[in-house]
Amino acid sequence: MDRDKEFRKRLLATFKAEALEHVVTMSACLGELERMPPIEVQMEIVETIFREAHSLKGAARAVNIPEVESVCQALEGIFAQWKVRRINQSRELFDTLYLAIDTVRAAVSSMEIDGHGVPPEQLSSLVTELERLSSGGPPVASFEVKYDPRAADDYPPGPVETMSAGLPPDALKTRTEAEAQAPLRGAQFKDLTETVRIPAERLASLLSEAEEMLPFKSGASIQAMRASELLAMAEGLRSELARAARSVAPAALQELLVRVDKRAHSLEAAARDLSKSARQHSRGLGRMIGSLLEDTKKTMLLPFSRVLEVFPMLVRDISRKKGKEAELVLKGESLEIDRRILEEIKDPLIHLVRNCVDHGIERPSEREAAGKPRKGLITISVAHADGNTAEIRVADDGCGIDAERVTAAAVKNNIISAEGAEGIGPQDALSLIFFSGLSTSPIITDISGRGLGLAIVREKVEGLGGSITVESSKAGTVFSMLLPLTVATFRGILVGAGNQSFIVPVAGVERTLRVKKAQLGRAENRETVTIGGEPFSFAWLASVLGLAGKADSGEYIPVLILSAGGRKIVFGVDEIFGEEDVLVKGLGPQLKKVRNISGAAVLGTGRPVPIINIPDLLRSAVKTGGGPARVAEPRIEVKKRSVLVAEDSITSRMLLKNILETAGYAVMTAVDGVDAWTLIKTEKFDIIVSDVEMPRMDGFELTARLRADKELEEIPVVLVTALETREDRERGIESGANAYMIKSSFNQNNLLEIIKRLTA
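Quick note on numbering: numbering that gives the first Met the number 0 labels position 676 of the sequence shown as 675, and the sequence is numbered without any gaps.
In structure tokens:
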């Protein structure tokens with residue numbers, strides 16, 4: 000029984016890997032089909048999806064998973080009709096096909112040893128609708144499938160979606176000939192005959208073992224150097240003894256010199272052999288480790304397209320939800336990047352793309368009024384920058400970022416002071432969007448408005464040793480991320496500052512040089528240095544790190560020009576020792592948030608050395624120098640915040656009251672809008688949490704009354720409701736609500752985080 004269970008487990012693991020490859024290709028092909036290419040290209044794509052569905056059906060049958068098999072059978076039926084041009088290519092059809100592929104993805108990703116993931120009755124409803132579409136029968140009024148895309152490994156987090164039959168047909172659109180000839184995304188997964196499946200954990204372990212050899216490589220070099228020094232010392236000793244032996248000396252001294260000379264000769268011979276052996280050992284070990292490390296790194300590389308598989312559907316779904324039209328274009332997705340970086344960069348990319356759709360791309364009517372195409376354009380491109388670095392750009396052709404609104408929001412949320420905002424430039428204002436808690440959205444929803452997304456993006460990117468910048472104009476916005484192609488090992492510069500050593504990643508160093516002390520000066524209460532006729536901000540590395548610097552000596556100062564996020568600062572150090580290949584060691588959860596330090600490296604001597612976090616260091620240097628965008632000190636709560644909960648359902652009312660009181664808020668409740676309005680006129684509240692659908696006065700009207708009253712217009716309002724259509728959200732914005740939460744995706748942590756932010 001145990002052997003059978005273990006075999007079943009291995010069989011399902013193999014099936015899941017194969018099935019997800021089929022799903023990826025089908026999803027990519029469906030995205031191409033929705034663009035309505037010329038008929039001959041369309042038929043090739045249909046044939047590809049048909050074959051993928053057929054192969055997946057056979058694999059599901061082999062491992063006895065009838066639910067997935069039945070969906071694939073129904074998909075085969077649709078594409079068989081498509082091949083003979085007997086299918087109605089409507090939006091309803093594409094919605095159902097996307098739902099079918101996502102449901103299969105979720106079923107496979109969440110599959111347990113019994114082979115079941117998504118409930119069979121849910122798959123049965125989906126199969127019925129697919130068969131109805133392939134036969135051209137009348138709509139099934141009862142068809143409504145709810146699915147949670149969070150169940151799929153490759154789908155971004157979000158609320159439960161509902162997709163129904165009966166949507167209006169979409170207009171046919173054609174592509175240019177160049178687009179039609181473009182290769183299908185996901186085609187790289189078609190030919191797997193030369194591929195060997197290796198568990199990622201095993202590869203990661205192999206790479207880790209290879210990387211652990213780096214200190215030994217450096218140690219061998221140090222031993223070779225020391226052996227050479229020993230040889231030189233022995234040779235010098237023999238020379239001196241030879242000179243002493245030629246001089247006039249007593250017989251006893253002469254005899255002693257002869258004995259010492261023999262020992263020195265033996266020492267010289269041993270040192271020579273050691274030096275020769277150590278050099279050979281060092282060269283051989285260096286070649287072996289270098290080759291092993293490079294070969295192992297290559298096994299961890301994957302095409303960037305692997306992380307982009309879900310994005311066409313993501314853009315489509317968010318656009319539909321927001322009443323917008325957007326097209327996604329992918330460029331350079333064949334570039335290979337370390338899978339560990341791909342895993343970490345996926346969430347930041349999702350945040351950026353969601354922002355492009357939600358904040359960047361305008362509604363079709365607004366775009367037409369501005370002389371733009373109805374459909375917005377979002378581009379994700381990746382290219383090799385230089386050395387071990389890749390540049391990932393996420394761009395949209397929307398309305399751009401309003402720097403003045405960003406600055407105003409930063410002042411409102413105490414990110415910068417009002418005085419600091421007066422002298423801030425447009426580019427510095429744009430950099431504020433990466434601060435936690437800043438959002439220019441008029442309302443908080445499940446998609447955006449919390450002011451956390453871009454802060455998370457910057458934290459993730461910098462945690463990978465990269466940097467992110469943003470450029471924006473009325474023609475659109477471009478986010479640019481510079482990231483290493485591989486992680487764990489990198490080349491760094493070893494420097495000394497404040498009687499300690501540090502590693503500075505080469506990727507963030509533009510130049511190292513020595514400058515005369517006479518080149519230092521001051522401007523606007525900040526130290527500067529002039530290099531090549533250009534002034535730079537200057538800071539002592541030891542001073543920024545809070546260390547005592549060495550005694551001032553010499554005419555020249557060793558400096559490094561560091562850059563990140565569009566900012567450059569020159570740092571003075573005590574000494575620059577040289578470059579080294581280093582292995583990154585994490586600091587552990589206790590030291591994860593240490594300012595200016597991203598990790599540690601072990602040198603060939605066995606000594607651990609901190610690694611400088613360049614973006615963090617640059618921000619610390621700006622604060623130390625009194626820059627204009629100084630972060631305000633956090634405010635301390637001195638009293639318990641009061642909350643009014645307006646909800647006609649006694650169950651929901653008590654649930655909200657319990658959640659808020661447990662979090663430390665003082666809570667009063669109202670049974671409807673009229674009751675809430677009476678309490679608001681007699682009591683003082685810091686925030687209102689209200690349902691929308693209530694007797695006598697609903698939440699929209701209650702919010703509008705508050706905004707119309709000069710004494711009450713500043714009280715924040717959070718609407719918690721079952722109404723989740725785009726029109727309802729827009730009505731919430733128009734009424735003046737600060738946040739709009741959907742009950743079907745309600746999360747008490749989100750509610751508490753929103754209330755904390757709105758009452759800060």
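Built from N, CA and C at the ideal position, the CB exists for glycine as well.
Euclidean distance between Cα positions of residue i and residue j
{"i": "Arg-84", "j": "Ala-27", "result": "21 Å"}
{"i": "His-358", "j": "Ile-613", "result": "30 Å"}
{"i": "Val-40", "j": "Ser-380", "result": "25 Å"}
{"i": "Leu-301", "j": "Glu-332", "result": "10 Å"}
{"i": "Leu-519", "j": "Tyr-555", "result": "11 Å"}
{"i": "Pro-425", "j": "Ile-432", "result": "12 Å"}
{"i": "Ile-377", "j": "Asp-401", "result": "19 Å"}
{"i": "Ser-290", "j": "Arg-606", "result": "25 Å"}
{"i": "Ala-315", "j": "Thr-724", "result": "Sequence check: residue 315 is Arg here, not Ala. About 16 Å."}
{"i": "Lys-622", "j": "Gly-462", "result": "21 Å"}
{"i": "Leu-10", "j": "Ser-109", "result": "15 Å"}
{"i": "Arg-490", "j": "Thr-95", "result": "50 Å"}
{"i": "Ala-662", "j": "Arg-730", "result": "30 Å"}
{"i": "Val-23", "j": "His-53", "result": "15 Å"}
Under the three-state DSSP convention, the category residue i falls into
{"i": "Glu-128", "result": "helix"}
{"i": "Leu-98", "result": "helix"}
{"i": "Val-503", "result": "strand"}
{"i": "Gly-283", "result": "helix"}
{"i": "Glu-533", "result": "strand"}
{"i": "Lys-742", "result": "helix"}
{"i": "Arg-278", "result": "helix"}
{"i": "Ala-736", "result": "coil"}
{"i": "Thr-175", "result": "Unreliable positioning characterises Thr-175 in this predicted model, as indicated by a pLDDT of 31, which lies under 50. The coordinate reading is nonetheless provided below. The answer is coil: DSSP assigns Thr-175 none of H, G, I, E or B."}
{"i": "Asp-697", "result": "coil"}
{"i": "Thr-724", "result": "coil"}
{"i": "Met-653", "result": "helix"}
{"i": "Glu-68", "result": "helix"}
{"i": "Glu-326", "result": "strand"}
{"i": "Glu-458", "result": "helix"}
{"i": "Leu-431", "result": "helix"}
Residue environment, residue i, which counts as buried when at least 16 other CB atoms sit within 10 Å
{"i": "Asn-748", "result": "exposed"}
{"i": "Val-528", "result": "buried"}
{"i": "Glu-143", "result": "With a pLDDT of 42 at Glu-143, under the threshold of 50, the modelled position of that residue is not reliable, and no figure is offered here."}
{"i": "Lys-4", "result": "exposed"}
{"i": "Thr-192", "result": "With a pLDDT of 34 at Thr-192, under the threshold of 50, the modelled position of that residue is not reliable, and the figure given next carries that caveat. It counts as exposed."}
{"i": "Asp-294", "result": "exposed"}
{"i": "Phe-576", "result": "exposed"}
{"i": "Asp-697", "result": "buried"}
{"i": "Thr-406", "result": "buried"}
{"i": "Lys-8", "result": "exposed"}
{"i": "Glu-814", "result": "In the structure displayed, the chain extends from 0 to 759; residue 814 sits before or after that span and is not available."}
{"i": "Asp-101", "result": "buried"}
{"i": "Gly-672", "result": "buried"}
{"i": "Met-693", "result": "buried"}
{"i": "Val-688", "result": "buried"}
{"i": "Met-287", "result": "exposed"}
Within 7 Å, strictly: CB atoms of residue i and residue j
{"i": "Glu-51", "j": "Met-25", "result": "yes"}
{"i": "Val-644", "j": "Tyr-664", "result": "no"}
{"i": "Val-508", "j": "Val-494", "result": "no"}
{"i": "Leu-617", "j": "Ile-686", "result": "no"}
{"i": "Ala-325", "j": "Ile-360", "result": "yes"}
{"i": "Ala-58", "j": "Glu-20", "result": "no"}
{"i": "Val-593", "j": "Ala-600", "result": "no"}
{"i": "Val-572", "j": "Leu-540", "result": "yes"}
{"i": "Val-670", "j": "Asp-647", "result": "yes"}
Residue i - containing alpha helix (DSSP H), residue span
{"i": "Gln-518", "result": "Note, Gln-518: premise wrong, no alpha helix (DSSP H); not H, not E."}
{"i": "Ala-645", "result": "It is not in any alpha helix (DSSP H) - Ala-645 instead sits in the beta strand (DSSP E) that spans 641-645."}
{"i": "Glu-752", "result": "747-757"}
{"i": "Lys-709", "result": "From DSSP, Lys-709 is part of no alpha helix (DSSP H); its letter is neither H nor E."}
{"i": "Pro-372", "result": "Note, Pro-372: premise wrong, no alpha helix (DSSP H); not H, not E."}
Opening and closing residue of the beta strand (DSSP E) in which residue i lies
{"i": "Arg-392", "result": "388-395"}
{"i": "Gly-571", "result": "566-571"}
{"i": "Pro-609", "result": "607-611"}
{"i": "Asp-316", "result": "Run containing Asp-316: none in the beta strand (DSSP E); it sits in the alpha helix (DSSP H), 310-321."}
{"i": "Asp-337", "result": "335-337"}
{"i": "Lys-683", "result": "Per DSSP, Lys-683 belongs to no beta strand (DSSP E) and is neither H nor E."}
Short CB-CB distance (under 7 Å) between residue i and chain D
{"i": "Ile-317", "result": "The structure shown contains no chain D; it is built from a single protein chain."}
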